[in-house]
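Colleague:
Residue numbers (the working numbering): 3 to 327.
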């Protein structure tokens with residue numbers, strides 16, 4: 003690599019010391035690209051957007067196609083932080099990249115979840131699992147599948163999926179490891195295992211990465227807030243009345259990179275008056291709709307457990323046949 007080419011890649015650098023470290027001893031574009039990618043990965047883990055953006059702009063000028071695709075992936079990530087989603091670029095990376103296909107598929111799935119397209123999200127997460135080249139990619143895609151199941155109302159199944167990958171998460175990248183723990187804490191809380199949820203969540207907020215992932219603190223605050231609520235049950239012959247104290251206000255926190263929609267269980271949906279403000283404009287997923295139909299048609303002839311089994315069978319069937327379409 004000539005000195006002129008070397009200089010042309012680093013026009014008006016805002017981080018001269020970092021660039022000096024990257025350039026020291028560089029003898030080829032390949033070595034330079036590898037060093038930049040290492041730096042980008044570190045900045046990405048700590049969500050240092052400006053550094054990721056600047057390094058990616060340099061990487062995209064290296065005349066090696068794979069490096070250019072990787073740079074595009076990180077530039078899409080930076081734009082995503084501003085809620086500017088470029089699925090067309092991700093599609094190109096998925097088709098052409100040898101090393102970042104799984105990462106692009108995971109991001110593509112996250113976009114679909116954000117838009118409420120859970121079937122599409124499952125497809126992309128499933129494809130990411132197949133394309134995974136590293137343990138971290140496999141774990142991150144598996145976590146995505148579990149989150150989609152949770153959104154569809156299957157918190158217990160999502161919890162089982164997360165518990166299956168927990169033993170190997172210690173070998174994953176730190177950001178992936180703690181993200182899985184955060185999701186695990188959420189699902190533990192959903193199924194009523196409050197003490198475990200708080201203990202797991204406490205591990206995430208003690209992480210050196212925690213200041214850069216405010217959603218972890220948000221999870222911990224939410225779990226603590228729910229535990230502080232006091233509830234009383236008043237029973238009479240004619241009715242059972244549940245009176246719950248006003249929920250303690252928690253400090254607002256920043257949302258995740260891809261904010262996920264909130265789903266309600268079938269029983270909660272059925273208990274809402276049709277004309278209530280909560281139901282107006284609310285989207286119901288296909289699986290929740292199936293559960294409602296079963297409950298309405300069969301009434302006392304079907305239990306909640308049987309509804310769950312039928313809906314889960316439908317859910318698994320969708321996962322099996324969707325990639326073939």
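The C-beta atom is built at its ideal place from N, Cα and C for all residues, glycine as well. It should be emphasised that the depicted structure is a prediction, and the values quoted were computed from it without experimental measurement.
Does the Cβ-Cβ distance between residue 211 and residue 180 come in under 8 Å?
Modeller: Cβ atoms of residue 211 and residue 180: closer than 8 Å.
Colleague: If we ignore side chains and look at the alpha-carbon of each, how far apart do residue 206 and residue 68 end up?
Modeller: Straight-line Cα distance between these residues: approximately 34 Å.
Colleague: In the DSSP assignment, the alpha helix (DSSP H) including residue 85 goes from what residue to what residue?
Modeller: Unbroken run through residue 85: none, as it is neither H nor E.
Colleague: Where residue 307 and residue 313 are concerned, what is the direct C-alpha to C-alpha distance, given to the nearest angstrom?
Modeller: Between residue 307 and residue 313, the C-alpha separation is close to 10 Å.
Colleague: How close, in whole Å, do the beta carbons of residue 1 and residue 115 come, if the pair is a contact with beta carbons under 8 Å?
Modeller: Nothing about residue 1 can be read from this structure; the chain reaches only from 3 to 327.
Colleague: If distances are taken between C-alpha atoms only, which option among 295, 75 and 118 comes closest to residue 100?
Modeller: Checking every option, the nearest Cα to that of residue 100 belongs to 75.
Colleague: At which residue ranges does the segment 86-152 contain complete alpha helix (DSSP H) runs of 4 or more residues, listed in the order of the chain?
Modeller: Segments of the alpha helix (DSSP H) lying fully in the segment 86-152: 89-98, 103-116 and 120-133.
Colleague: Judging by CA-CA distance, which residue of 63, 95, 66 and 109 is the nearest neighbour of residue 85?
Modeller: Of the listed residues, the one whose Cα sits closest to residue 85 is 109.
Colleague: Can you round the beta-carbon distance between residue 151 and residue 193 to whole angstroms, since I take them to be within the 8 Å contact cut?
Modeller: Rounded, the Cβ-Cβ distance is 13 Å, inconsistent with contact.
Colleague: Residues in its own chain within less than 7 Å of residue 315 by CB, not counting five upstream and five downstream?
Modeller: Excluding positions up to five away in sequence, the list is empty.
Colleague: Taking all protein chains shown into account, do 16 or more other C-beta atoms lie within 10 angstroms of the C-beta of residue 190, making it buried, or fewer, making it exposed?
Modeller: Under this definition residue 190 is a buried residue.
Colleague: In three-state DSSP terms, what is residue 157?
Modeller: In this structure, residue 157 counts as helix in the three-state DSSP scheme.
Colleague: Hey, out of 51, 73, 52 and 50, whose CA is closest to residue 60's CA?
Modeller: Among 51, 73, 52 and 50, the Cα nearest to that of residue 60 is on 73.
Colleague: Quick one: grab the DSSP three-state call for residue 63.
Modeller: Residue 63: coil per DSSP, three-state reduction.
Colleague: Is the beta carbon of residue 184 sitting closer than 8 Å to the one on residue 217?
Modeller: Cβ distance < 8 Å, so residue 184 and residue 217 count as in contact.
Colleague: If you draw a straight line from the C-alpha of residue 213 to the C-alpha of residue 45, how long is it?
Modeller: Answer to the nearest angstrom: the Cα atoms are 14 Å apart.
Colleague: Helix, strand or coil for residue 200? Go by DSSP, reduced to three states.
Modeller: Helix, per DSSP.
Colleague: If we count the other Cβ atoms within 10 Å of its Cβ and call it buried at 16 or more, is residue 1 buried or exposed?
Modeller: Nothing about residue 1 can be read from this structure; the chain reaches only from 3 to 327.
Colleague: Does the separation of the CB atoms of residue 164 and residue 145 fall below 8 Å?
Modeller: It is a contact, given that the beta carbons lie within the stated cut-off.
Colleague: Starting from residue 229, trace the alpha helix (DSSP H) both ways and give me its first and last residue.
Modeller: Residue 229 -> alpha helix (DSSP H) spans 216-230.
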